[in-house]
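Participant:
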Amino acid sequence: MLPPSGPLAGIRVVELAGLGPVPYACLLLAELGADVVRVDRPGGGTQLVPPERDALNRSRPSVAVDLKSPAGRDVVLRLVESADVLVEGLRPGVTERLGVGPDECWARNPRLVYARMTGWGQDGPLADRAGHDINYLGLTGALHAIGTAEAPVPPLNAVADFGGGALFLVVGVLAALLERQISGRGQVVDAAMVDGASSLVTMVYGLLGAGRWQDRRAANLLDGAAPFYGTYACADGRHVAVGAIEPQFHAQLLAGLGLDPDAHGGQLDVARWPEQRERIAAAFATRTRDEWAEAFAGTDACVTPVLGLTEAPSHPHLAARGTFADRGGHPEPAPAPRFSRTPGAVRGEPRAPGQDTRTALAGWGFGEDEVTGLLEAGAVVQAD
Numbered sequence: 001m002l003p004p005s006g007p008l009a010g011i012r013v014v015e016l017a018g019l020g021p022v023p024y025a026c027l028l029l030a031e032l033g034a035d036v037v038r039v040d041r042p043g044g045g046t047q048l049v050p051p052e053r054d055a056l057n058r059s060r061p062s063v064a065v066d067l068k069s070p071a072g073r074d075v076v077l078r079l080v081e082s083a084d085v086l087v088e089g090l091r092p093g094v095t096e097r098l099g100v101g102p103d104e105c106w107a108r109n110p111r112l113v114y115a116r117m118t119g120w121g122q123d124g125p126l127a128d129r130a131g132h133d134i135n136y137l138g139l140t141g142a143l144h145a146i147g148t149a150e151a152p153v154p155p156l157n158a159v160a161d162f163g164g165g166a167l168f169l170v171v172g173v174l175a176a177l178l179e180r181q182i183s184g185r186g187q188v189v190d191a192a193m194v195d196g197a198s199s200l201v202t203m204v205y206g207l208l209g210a211g212r213w214q215d216r217r218a219a220n221l222l223d224g225a226a227p228f229y230g231t232y233a234c235a236d237g238r239h240v241a242v243g244a245i246e247p248q249f250h251a252q253l254l255a256g257l258g259l260d261p262d263a264h265g266g267q268l269d270v271a272r273w274p275e276q277r278e279r280i281a282a283a284f285a286t287r288t289r290d291e292w293a294e295a296f297a298g299t300d301a302c303v304t305p306v307l308g309l310t311e312a313p314s315h316p317h318l319a320a321r322g323t324f325a326d327r328g329g330h331p332e333p334a335p336a337p338r339f340s341r342t343p344g345a346v347r348g349e350p351r352a353p354g355q356d357t358r359t360a361l362a363g364w365g366f367g368e369d370e371v372t373g374l375l376e377a378g379a380v381v382q383a384d
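For the sequence shown, full-length UniProt numbering begins at 1 and goes up steadily by one.
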């Protein structure tokens, strides 16, 4: 594990391991330089992939702690004493019942930022209910707006889990750390996916309020209804993405497709959008995706190939920027954003639950005999 480097070097984070947005948020903090220790339950929790292949587990060590035991609880409180942030993603009230809630932690460290990640939030009628990205997104109006005219289409779990969840959690943590410099006190960050995902569609709600958005799918400028903003199949069955919104870009799109702008009709003539889409679709169907990508290269027509996950890392632009890193022959996104003086970095391979219990606890001030005693008592576990 590489030492911390980046703009957050010197910040220490205790992560109570969870799924989705919690590990992603802590990965971001770690690769921006924070010293993050992941506290897993013995044996780990639910795993979608083997821990050693889970990209969300990279860049920070893992200790396995039995939080249901008094000694295990005390391990977390001891870590909190020298931490700046604790991140947890359990249901509301669980950490309080375990004895590591905000009050117990602040008794040890009043400067601690206590960051909580949930789908529904810490309060409200649904606060104690289960859910996943698609459920949280469904309540925000965003899922209703995404998809075909016939049905909503879930946009992976990128919008609520990672966009509305992890990224808003990180923003909250950074803001609370800045505020702490003034007040000298920590506070709770309540990051709820329903709140964050709702915030992500602020512009759409603004358009709706201004009468510029219809509350149905495939009827608006950005939801696939406009023929100049959508995807088109090519001769080889692959697709291109078209985003020619501005008039000058739209003109270049038509020129590149060999379409007569006078016969095509006005760009914002909504009544003619269906026939315009048919005309554009017929043109794109005459060549392969890569032929169209080459034809539009160097133009501002806003036409790009739709790349698969196995293709994207080798695209010349992404390769030139180092957007993806190779790990054992498999591409993974590199740290973002970038900094001119204090760049972040991938700090190590994914770690299995409890793989670093001895070394990580030692790095956080636990003595060798103390760790041995905790291991013998079963309060912590060192994985093989």
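Think of the CB as a built atom: it goes at the ideal place given N, C-alpha and C, for glycine as much as any other residue.
Please read all numbers here as calculations on a predicted model, not as lab measurements.
1. Report the option in 89, 234 and 314 whose CA atom is closest to the CA atom of residue 303.
2. With 8 Å as the threshold, decide whether the Cβ of residue 337 is near any Cβ in chain C.
3. What whole-angstrom Cβ distance do residue 15 and residue 344 have, given they're in contact under 8 Å?
4. Please name the residue in 28, 231 and 142 whose C-alpha comes closest to that of residue 9.
5. In whole angstroms, what separates the C-alpha of residue 56 from that of residue 25?
6. Threshold first: 4 residues or longer. Then list the alpha helix (DSSP H) segments lying entirely within the region 16-44, N to C.
7. Might you give, ordered along the chain, the residues of its own chain that have their beta carbon closer than 8 Å to the beta carbon of residue 251, omitting 5 neighbours on each side?
8. Just to confirm, are residue 108 and residue 188 a CB contact at a threshold of 8 Å?
9. Going by beta-carbon coordinates alone, are residue 283 and residue 265 separated by less than 8 Å?
10. Within 10 angstroms of the Cβ of residue 395, are there 16 or more other Cβ atoms? Answer buried if so, exposed if not.
11. Could you tell me if residue 143 is buried or exposed, where buried requires 16 or more neighbouring beta carbons within 10 angstroms of its beta carbon?
12. Determine contact between the region 355-363 and the region 319-335, defined as no fewer than three beta-carbon pairs at a distance below 8 Å.
13. Suppose you measure from the CA of residue 340 to the CA of residue 125; what does that come to, to the nearest Å?
14. In the DSSP assignment, the beta strand (DSSP E) including residue 86 goes from what residue to what residue?
15. Using alpha carbons as the reference points, say which of 2, 90 and 373 lies closest to residue 23.
16. How many Å lie between residue 212 and residue 279 at the Cα?
17. Using a Cβ-Cβ cutoff of less than 8 Å, which residues in the same chain neighbour residue 200 once the five nearest sequence positions on both sides are dropped?
18. Quick one: residues in its chain with C-beta nearer than 8 Å to the C-beta of residue 83, no 5 flanking neighbours on either side, listed in chain order?
19. Helix, strand or coil: which one does DSSP assign to residue 148?
20. Inspect the beta-carbon positions of residue 276 and residue 227 and report whether they are closer than 8 Å.
21. With DSSP as the reference, label residue 117 as helix, strand or coil.
22. Are at least three pairs of beta-carbons, each pair with one atom in the region 304-313 and one in the region 237-249, less than 8 Å apart?
23. May I ask you to report which of helix, strand or coil DSSP gives residue 250?
24. Could you check if residue 40 is buried or exposed, using at least 16 other CB atoms within 10 Å of its CB as the buried criterion?
25. What's the gap between the Cα of residue 105 and the Cα of residue 319?
26. Would you mind working out which of 349, 81, 221 and 149 sits nearest residue 270, comparing C-alpha positions?
27. Quick one: give me the first and last residue of the beta strand (DSSP E) that residue 332 is part of.
28. What does the Cβ neighbour count give for residue 329, buried or exposed, with the cut at 16 atoms within 10 Å?
29. Within the continuous alpha helix (DSSP H) that includes residue 163, where are the two ends?
30. So is residue 88 buried or exposed if we call it buried at 16+ other beta carbons inside 10 Å?
Facilitator: The relevant details are as follows:
1. Counting from 1 along the sequence shown, the entry for residue 303 is found at position 303. It is 234 whose Cα lies nearest to the Cα of residue 303.
2. The chain inventory of the structure shown lacks chain C, comprising one protein chain alone.
3. What you label residue 15 is simply residue 15 of the sequence shown in a count that begins at 1. What you label residue 344 is simply residue 344 of the sequence shown in a count that begins at 1. With a Cβ gap of about 17 Å, residue 15 and residue 344 do not count as contacting.
4. Locating residue 9 in the sequence shown gives position 9, where the first residue counts as 1. With distances taken between CA atoms, residue 9 lies nearest to 28 out of 28, 231 and 142.
5. Taking the first residue of the sequence shown as 1, we reach residue 56 at position 56. Taking the first residue of the sequence shown as 1, we reach residue 25 at position 25. One C-alpha to the other measures close to 9 Å.
6. 21-31
7. Numbered from its first residue, the sequence shown carries residue 251 at position 251. Counting only Cβ-Cβ distances below 8 Å, and skipping sequence neighbours, we find 261.
8. The residue labelled residue 108 in the question sits at position 108 within the sequence shown. The residue labelled residue 188 in the question sits at position 188 within the sequence shown. Not in contact: residue 108 and residue 188 (Cβ atoms no closer than 8 Å).
9. Taking the first residue of the sequence shown as position 1, residue 283 is located at position 283. Taking the first residue of the sequence shown as position 1, residue 265 is located at position 265. Against a cut-off of 8 Å, the Cβ pair of residue 265 and residue 283 comes out as no contact.
10. No information on residue 395 is available, as it lies outside the stretch 1 to 384 that the chain covers here.
11. On the sequence shown, position 143 is the one that residue 143 refers to. So residue 143 ends up on the buried side.
12. no
13. In the sequence shown, counting from the first residue as 1, residue 340 sits at position 340. In the sequence shown, counting from the first residue as 1, residue 125 sits at position 125. The C-alpha of residue 340 lies about 45 Å from the C-alpha of residue 125.
14. As a first step, residue 86 must be located in the sequence shown, where it is residue number 86. Note, residue 86: beta strand (DSSP E), 85-88.
15. For the purposes of this step, residue 23 is taken as residue 23 along the sequence shown, with counting starting at 1. Nearest C-alpha to residue 23: 90.
16. Looking up residue 212 in the sequence shown gives position 212. Looking up residue 279 in the sequence shown gives position 279. Distance between the alpha carbons of residue 212 and residue 279: 26 Å.
17. Here residue 200 corresponds to residue number 200 of the sequence shown, with the count starting at 1. The answer, listed in chain order, is 142, 159, 163 and 164.
18. By 1-based counting over the sequence shown, the position of residue 83 is 83. Here the set comprises 12, 13, 14, 109 and 112.
19. Stepping through the sequence shown from its first residue, residue 148 is reached at position 148. Note: residue 148 maps to coil in three-state DSSP.
20. Position 276 of the sequence shown, counted from the first residue, corresponds to residue 276. Position 227 of the sequence shown, counted from the first residue, corresponds to residue 227. Between residue 276 and residue 227, the C-beta spacing is below 8 Å.
21. In the sequence shown, counting from the first residue as 1, residue 117 sits at position 117. Correct three-state label for residue 117: strand.
22. Contact between the region 304-313 and the region 237-249 is present, because at least three Cβ pairs lie under 8 Å.
23. Sequence index remark: in the sequence shown, residue 250 carries index 250 (1-based). For residue 250, the three-state secondary structure derived from DSSP is helix.
24. The sequence position of residue 40 within the sequence shown is 40, counting from 1. Buried.
25. Here residue 105 is taken as the residue at index 105 of the sequence shown, counted from 1. Here residue 319 is taken as the residue at index 319 of the sequence shown, counted from 1. Taking the straight line joining both Cα atoms gives about 44 Å.
26. The residue you call residue 270 lines up with position 270 of the sequence shown. Among 349, 81, 221 and 149, the Cα nearest to that of residue 270 belongs to 221.
27. Counting from 1 along the sequence shown, the entry for residue 332 is found at position 332. 330-333 is the extent of the beta strand (DSSP E) around residue 332.
28. For this step, residue 329 is matched to residue 329 along the sequence shown. Label assigned to residue 329: exposed.
29. If you number the sequence shown from 1, residue 163 lands on position 163. First-last for residue 163: undefined, no H or E at that position.
30. Taking the first residue of the sequence shown as position 1, residue 88 is located at position 88. Classification for residue 88: buried.
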